[in-house]
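Data block below; observations after.
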Amino acid sequence: MAYAHALQALGDPTRRAVLEELRDGPRAVGELAARLPVSRPAVSQHLRVLKEAGLVTERQNGTRRLYRVEPDGLAELREYLEGFWEEALANFKAAAEREEGRKK
Amino acid sequence: MTVTVTEMIRKEIFVDAAPETAFRVFTEQVSDWWPLDKYSIYLEEAETVAFEDRDGWRLIERAKDGRENVWGEVLEYEVASRVRFTWHPGRDIGDEPTEVEVTFTADKDGTIVVLEHSGWESLSAKRREGRVGYDNGWPAVLERFKQSAEG
Numbered sequence: 165m166a167y168a169h170a171l172q173a174l175g176d177p178t179r180r181a182v183l184e185e186l187r188d189g190p191r192a193v194g195e196l197a198a199r200l201p202v203s204r205p206a207v208s209q210h211l212r213v214l215k216e217a218g219l220v221t222e223r224q225n226g227t228r229r230l231y232r233v234e235p236d237g238l239a240e241l242r243e244y245l246e247g248f249w250e251e252a253l254a255n256f257k258a259a260a261e262r263e264e265g266r267k268k
Numbered sequence: 000m001t002v003t004v005t006e007m008i009r010k011e012i013f014v015d016a017a018p019e020t021a022f023r024v025f026t027e028q029v030s031d032w033w034p035l036d037k038y039s040i041y042l043e044e045a046e047t048v049a050f051e052d053r054d055g056w057r058l059i060e061r062a063k064d065g066r067e068n069v070w071g072e073v074l075e076y077e078v079a080s081r082v083r084f085t086w087h088p089g090r091d092i093g094d095e096p097t098e099v100e101v102t103f104t105a106d107k108d109g110t111i112v113v114l115e116h117s118g119w120e121s122l123s124a125k126r127r128e129g130r131v132g133y134d135n136g137w138p139a140v141l142e143r144f145k146q147s148a149e150g
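So the protein sequences, as listed, match chains A and B. Number 222 in my numbering belongs to position 58 of the first sequence; there are no gaps in the numbering. Number 120 in my numbering belongs to position 121 of the second sequence; there are no gaps in the numbering.
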């Protein structure tokens, strides 16, 4: 499952910071390294993980290689949240029925 | 962008309790059923999550050491009938929240509870323009999911 990779990739604060930086639009590795307290090779490494997780894509723009957020990443998050609500509501149902039982 | 991203999440469940009870448990006893261990900002340090009236009703998570995180603001509610609130755990108020609406409808001897989580349209549209916040609170939350999933 892709979302498992996404979750793993997002478990690292620096990678989340990289994604934060990409929120305003595509960036090159050098730009990211300049904005974050990590080296260029480290940024490259994080981008590779994010790319493998399907959260970031890259493309060549002239002589520059730009990285951007992959919109489908959102689909994974949504899917996960769907599972969460299901569990929360099942718990809620049990709690409400317990409460009703106390009244009767 | 796939279609599924922009569709709202919709969950329906039958509760064997009166709408008044269901509404009260949903809005006044959140900590009794919310999976705080899996879904919270402070995780194992989380103590409660509750709707509190503070300049309007808000859904607030509180940690054992007193830290707080506002997950959303109630936009409107009708006792025993419905409640609608913004949803932005881990992020500031107004930072592109999604929205949750829950309705309570009497049915036979119980209540049909419908939960709709919407607002993905605007998120994905902005994302297409390439200027949005990837995270909108989700990475932080997902990290918690991951931690709990991995035990």
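Don't be surprised by glycine CBs; every beta carbon is placed ideally from N, CA and C. Quick caveat, the model's predicted, so the values are computed rather than measured.
With a cut-off of 7 Å, does the C-beta of residue 79(B) fall near any C-beta of chain A? no
Cross-strand partners of residue 224(A) (DSSP beta bridge): 229(A)
I'd like to confirm the pairing. Which residues does DSSP put opposite residue 256(A) in its beta bridges? Residue 256(A) pairs with nothing; no bridge assigned.
Nearest neighbour of residue 60(B), chosen from 31(B), 48(B) and 29(B) [CA to CA]: 48(B)
Would you please verify whether the beta carbon of residue 21(B) is less than 7 Å from any beta carbon of chain A? yes
In angstroms, rounded to a whole number, what distance separates the CA positions of residue 249(A) and residue 192(A)? 37 Å
Comparing the C-beta of residue 7(B) with each C-beta of chain A, is any distance below 7 Å? no
Spatial neighbours of residue 128(B) within its chain, please: C-beta separation below 6 Å, excluding the five flanking residues on both sides. Residue placement at residue 128(B) is flagged as unreliable, the pLDDT there being 43, under the threshold of 50; a coordinate-derived value is accordingly withheld.
Which residues bound the beta strand (DSSP E) around residue 65(B)? Residue 65(B) -> no beta strand (DSSP E), and no H or E assigned at all.
Specify whether the segment 36-44 of chain B and the segment 11-27 of chain B touch according to this definition: at least 3 beta carbon pairs, one from each stretch, less than 8 Å apart. no
Taking beta-carbon pairs under 7 Å, can you tell me which members of the segment 28-45 of chain B lie near chain A? 28, 31, 32, 33, 34 and 38
Residue 55(B) versus residue 76(B): straight-line alpha-carbon distance, rounded: 11 Å
Short check: CB of residue 223(A) to CB of residue 230(A), under 7 Å? yes
Quick check on the burial criterion: 16 or more other C-beta atoms within 10 angstroms. Buried or exposed for residue 198(A)? exposed
Are the CB atoms of residue 85(B) and residue 98(B) nearer to each other than 7 Å? yes
Do residue 83(B) and residue 100(B) have their C-beta atoms closer together than 7 Å? yes
What does a CB cutoff of less than 6 Å around residue 262(A) pick up in its chain, not counting 5 residues either side in sequence? none
Quick one: is residue 18(B) buried, meaning 16 or more other Cβ sit within 10 Å of its Cβ, or exposed? buried
Go ahead and pull the three-state DSSP assignment for residue 210(A). helix
In the DSSP output, what is residue 82(B) paired with across the bridge? 76(B) and 101(B)
Report the neighbours of residue 353(A) on chain B: residues whose CB is nearer than 9 Å to its CB, in chain order. Since the first and last residues shown for chain A are 165 and 268, residue 353(A) lies out of range.
Name the residue from 41(B), 69(B), 112(B) and 103(B) whose alpha carbon lies nearest to the alpha carbon of residue 78(B). 103(B)
Work out the CA separation of residue 204(A) and residue 195(A) for me, nearest whole Å. 9 Å
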